[in-house]
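Residue numbers for the sequence shown follow our numbering, beginning at 6 and rising by one.
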Amino acid sequence: MRVTHIITRLVIGGAQENTVATVLGLRQKSGVEVSLISGPTSGPEGTLEPEIKKTAGLLTLVPELVRPVHPLKDFIALRKLEKILREQKPHIVHTHSGKAGILGRLAARRAGVPIIIHHIHGPSFGNFQGTSANFIFTAAEKYAAQATSHFFCSAGAMARLYLAAGIGKPEMFTRIFSGFTLEPYLNATNDLALRKQLGLAEEHFVIGKIARLFKLKGHADLLAAFAGIFPQLPQARLLFVGDGALRGDLENQVRALGLHGKVIFTGLVPPGEVPRYAGIMDCVAHLSAREALSRALPQALAAGKPVVAYDFDGADEVCIENETGFLIRTGDVENAGQKLLQLARQPGLREQLGRRGRKFVRENFPVEKMVDDQYNVYLKLAAERGIHA
Numbered sequence: 006m007r008v009t010h011i012i013t014r015l016v017i018g019g020a021q022e023n024t025v026a027t028v029l030g031l032r033q034k035s036g037v038e039v040s041l042i043s044g045p046t047s048g049p050e051g052t053l054e055p056e057i058k059k060t061a062g063l064l065t066l067v068p069e070l071v072r073p074v075h076p077l078k079d080f081i082a083l084r085k086l087e088k089i090l091r092e093q094k095p096h097i098v099h100t101h102s103g104k105a106g107i108l109g110r111l112a113a114r115r116a117g118v119p120i121i122i123h124h125i126h127g128p129s130f131g132n133f134q135g136t137s138a139n140f141i142f143t144a145a146e147k148y149a150a151q152a153t154s155h156f157f158c159s160a161g162a163m164a165r166l167y168l169a170a171g172i173g174k175p176e177m178f179t180r181i182f183s184g185f186t187l188e189p190y191l192n193a194t195n196d197l198a199l200r201k202q203l204g205l206a207e208e209h210f211v212i213g214k215i216a217r218l219f220k221l222k223g224h225a226d227l228l229a230a231f232a233g234i235f236p237q238l239p240q241a242r243l244l245f246v247g248d249g250a251l252r253g254d255l256e257n258q259v260r261a262l263g264l265h266g267k268v269i270f271t272g273l274v275p276p277g278e279v280p281r282y283a284g285i286m287d288c289v290a291h292l293s294a295r296e297a298l299s300r301a302l303p304q305a306l307a308a309g310k311p312v313v314a315y316d317f318d319g320a321d322e323v324c325i326e327n328e329t330g331f332l333i334r335t336g337d338v339e340n341a342g343q344k345l346l347q348l349a350r351q352p353g354l355r356e357q358l359g360r361r362g363r364k365f366v367r368e369n370f371p372v373e374k375m376v377d378d379q380y381n382v383y384l385k386l387a388a389e390r391g392i393h394a
């Protein structure tokens with residue numbers, strides 16, 4: 006079975022880590038030939054390209070496959086993708102992210118690929134953007150759906166969103182949680198040396214956030230919530246793990262709120278190092294406004310840390326109220342702060358929520374389970390079309 010994955014770029018992020026883990030995992034399956042096509046990776050978020058380039062011939066770069074809408078480059082990318090797919094002759098094309106999801110599916114149909122799967126890692130339309138943008142992106146998704154055999158979604162909320170918009174049929178959607186290697190998180194400890202390196206003392210209550218410094222990720226709301234509780238919790242510190250385009254704006258907000266020295270920016274952290282940082286956190290807050298289901302939530306739970314999250318998209322499928330953490334109405338900064346304050350004052354509650362979260366993640370998020378679940382759908386779709394794996 007020949008499988009080609011297509012993604013817009015390989016920055017350090019949840020969708021990209023999911024894709025890389027899937028591609029590398031599929032390479033271990035007998036009888037599977039897998040390849041990956043991506044656009045160029047640039048920017049402060051970092052890149053996963055070196056991980057893929059360890060395997061010669063696995064990655065093909067298409068320079069014109071860029072994230073912003075660019076009619077000329079988009080047309081060239083479409084033609085190049087079609088040419089590559091005609092040469093590779095895959096049985097399955099599996100697309101990820103917005104731009105690659107549209108162009109990749111259209112190119113696959115033009116190339117005569119029998120099975121075309123699109124993976125919804127986050128919504129391309131919704132109340133996080135304006136009416137015009139929603140109309141354009143919804144129309145594009147509806148058009149690309151005509152070339153789609155099946156959808157994977159990392160949260161059931163994505164299936165409901167697409168079906169409500171008239172995209173696809175219920176039987177076309179399969180929820181597959183975005184798995185990861187659990188052991189580094191399960192074994193994470195409160196590394197006092199790392200705390201000291203970051204200017205954190207043993208007695209500091211560390212509220213962590215693991216995410217690119219990017220719009221809609223909720224950093225500004227978390228800063229506002231932190232500012233609201235800091236007078237009552239002067240031993241609290243906020244730890245931002247990750248980098249991105251908004252760093253300067255966030256640093257300005259920190260100064261404006263009088264929180265200089267109370268908020269730590271780690272800068273870019275390689276994915277393999279993230280568990281060490283999760284280990285020194287006392288809880289994790291993720292006040293994002295948009296993404297199917299942030300990997301930061303199950304990663305925090307794997308490390309035994311309770312989570313506080315906005316009720317965005319599929320967050321409630323992992324952040325289970327009073328079971329693994331607290332789910333907050335999006336935009337309710339004051340309530341988010343109060344829940345963080347509650348966790349700081351109740352170590353027994355933190356331990357209880359973290360223990361339940363760790364059990365949940367062990368059952369649902371092993372990377373091997375994610376790869377197996379996708380592979381089994383591949384086999385099912387192939388059998389339905391008379392393709393022998």
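Ideal Cβ placement from N, Cα and C applies to all residues, glycine included.
Coil, strand or helix - residue i by DSSP
i           : result
residue 136 : helix
residue 24  : helix
residue 155 : strand
residue 9   : strand
residue 142 : helix
residue 344 : helix
residue 365 : helix
residue 161 : helix
residue 180 : strand
residue 234 : helix
residue 96  : coil
residue 64  : strand
residue 291 : strand
residue 326 : strand
Nearest residue (CA-CA) to residue i, options the options
i           : options               : result
residue 208 : 163, 285 and 147      : 285
residue 248 : 117, 256 and 44       : 256
residue 330 : 321, 338, 336 and 337 : 321
residue 3   : 139, 175, 124 and 140 : Nothing in the structure corresponds to residue 3, since the chain is present only between 6 and 394.
residue 88  : 107, 114, 365 and 72  : 114
residue 92  : 374, 7 and 197        : 7
residue 188 : 220, 279 and 254      : 279
residue 117 : 24, 90 and 380        : 90
residue 289 : 312, 223 and 275      : 312
residue 2   : 344, 135 and 350      : Because the chain spans 6 through 394 in this model, residue 2 falls outside it and cannot be assessed.
residue 57  : 342, 42, 49 and 50    : 42
residue 295 : 216, 231 and 261      : 216
residue 5   : 219, 240, 232 and 347 : There is simply no residue 5 to check, as the chain begins at 6 and stops at 394 in what is shown.
residue 22  : 36, 220, 54 and 389   : 54
residue 381 : 34, 101 and 65        : 34
residue 335 : 37, 65 and 221        : 221
residue 36  : 384, 391 and 62       : 384
Start and end residues, alpha helix (DSSP H) containing residue i
i           : result
residue 107 : 103-115
residue 81  : 76-93
residue 38  : Taken as a continuous stretch (DSSP letters only), residue 38 belongs to no alpha helix (DSSP H), being part of the beta strand (DSSP E) at 38-43.
residue 17  : Careful: residue 17 lies outside any alpha helix (DSSP H) and carries neither H nor E.
residue 57  : 54-58
Own chain, CB closer than 6 Å to residue i, minus 5 neighbours either side, in chain order
i           : result
residue 245 : 214 and 270
residue 184 : 370, 371, 372, 374 and 375
residue 193 : 280, 283, 284 and 308
residue 166 : 128
residue 39  : 8, 28, 31 and 32
Sub-8 Å separation of residue i and residue j beta-carbons
i           : j           : result
residue 302 : residue 323 : yes
residue 369 : residue 182 : yes
residue 73  : residue 9   : no
residue 20  : residue 99  : no
residue 16  : residue 52  : yes
residue 267 : residue 228 : no
residue 310 : residue 359 : yes
residue 349 : residue 210 : yes
residue 366 : residue 226 : no
residue 11  : residue 86  : yes
Close beta carbons around residue i, own chain, < 8 Å, minus the five adjacent residues each side
i           : result
residue 171 : 147
residue 265 : 259
residue 152 : 110, 111, 113, 114 and 121
residue 298 : 159, 160, 162, 182, 183, 318, 319, 320, 322 and 323
Range covered by the beta strand (DSSP E) that runs through residue i
i           : result
residue 374 : Looking at the DSSP string, residue 374 is not in any beta strand (DSSP E); the run it does join, the alpha helix (DSSP H), is 372-389.
residue 298 : Note, residue 298: premise wrong, no beta strand (DSSP E); not H, not E.
residue 246 : 241-246
residue 121 : 120-125
residue 214 : 210-215
residue 331 : 330-333
residue 314 : 312-315
residue 268 : 268-270
Own chain partners of residue i with C-beta closer than 7 Å, once the 5 adjacent residues on each side are dropped
i           : result
residue 129 : 103, 142 and 146
residue 79  : 108
residue 332 : 314, 316, 320, 321, 324 and 326
residue 393 : none
Residue i Cβ short of 7 Å to the ligand SAM heavy atom set
i           : result
residue 358 : Of the ligands one can find in the structure shown there are none, so the ligand SAM has no counterpart to examine.
Below-8 Å beta-carbon distance, residue i vs any chain C residue
i           : result
residue 235 : Any reference to chain C falls outside this structure, which holds one protein chain only.
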